[in-house]
Amino acid sequence: MFLQRSAIAVARRAAARPIAPVVRRSFAASVIRRDAKKVEPQATVGQKVKAFEEIRTEEDLIGPGAAPGTVPTDLEQSTGLERLEILGKMQGIDIFDMRPLDSSRKGTLDNPIVVQSAGDEQYVGCTGCPADSHVVVWLGMSRERPVERCPECGSVYKMEYVGPADDGHGHHDHHGYEEPKTFADYVKPEYW
């Protein structure tokens with residue numbers, strides 16, 4: 785009974801609509817339409833990729849983009865610091881200096897391990913001397929407090945600021961924020 789009603793309902797639906805072809809458009813027509821959409825890339829003056837030495841302003845770090853109808857490469861679509869890094873790597877320059885720190889010696893107050901930073905703060909992961917002699921201890925250095933000592937092994941690190949002389953913001957007081965004290969604040973001066 786149920787099967788009989790279902791067959792009648794299907795027959796009604798099939799009779800109500802006209803029989804449509806399975807393929808509405810042949811594949812040959814699709815190929816013709818695809819070939820008709822070919823777009824010639826139009827080169828503009830701004831599409832010249834500048835070399836690393838030619839970059840002077842932030843506007844130079846905006847990529848040309850891809851030609852219409854193509855997928856952009858990393859070089860074409862990157863902007864800002866990512867673009868600067870890619871252009872530097874193309875010429876063999878590591879602009880962020882991603883080499884590991886010198887772990888062949890232990891830093892001392894007289895001869896600390898120097899860490900360059902272009903920002904106001906820098907974090908260093910100390911693994912001891914020789915390398916991997918203890919778990920990673922993260923040390924935070926800033927322009928106001930450029931020297932830090934690892935509490936695990938005693939190695940000393942010093943941040944060397946290599947960024948712009950003044951950031952131009954003019955508000956270094958951080959709204960009354962006082963940096964928390966560490967054990968170094970309580971060491972007598974004659975022990976240094």
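Residue numbers for the sequence shown follow the working numbering, so the first one is 785 and each next one is one higher. Ideal Cβ positions, reconstructed from N, Cα and C, are used throughout, including at glycine.
- The C-beta distance from Val899 to Tyr941 rounds to 6 Å, short enough to fall under 8 Å.
- Within its own chain, the residues whose Cβ lies closer than 8 Å to the Cβ of Gln861, once the five positions on either side in sequence are excluded, are Gly847, Gly849, Ala850, listed in chain order.
- The beta carbon of Glu842 sits closer than 8 Å to the beta carbons of Gly864 from its chain, once the five residues preceding and following it are set aside; these are given in chain order.
- Assignment of Arg883 by DSSP, reduced to helix, strand and coil, places it in the coil class.
- Each of Val833, Glu837, Tyr961, Met943 was checked against the Cα of Asp904, and the nearest Cα belongs to Met943.
- Excluding residues up to 5 positions away in sequence, Glu963 lie with their Cβ nearer than 8 Å to the Cβ of Glu928 in the same chain.
- Pro930 has its alpha-carbon roughly 31 Å from the corresponding atom of Glu837.
- According to DSSP, residue pairing for Leu923 in a beta bridge involves Val908.
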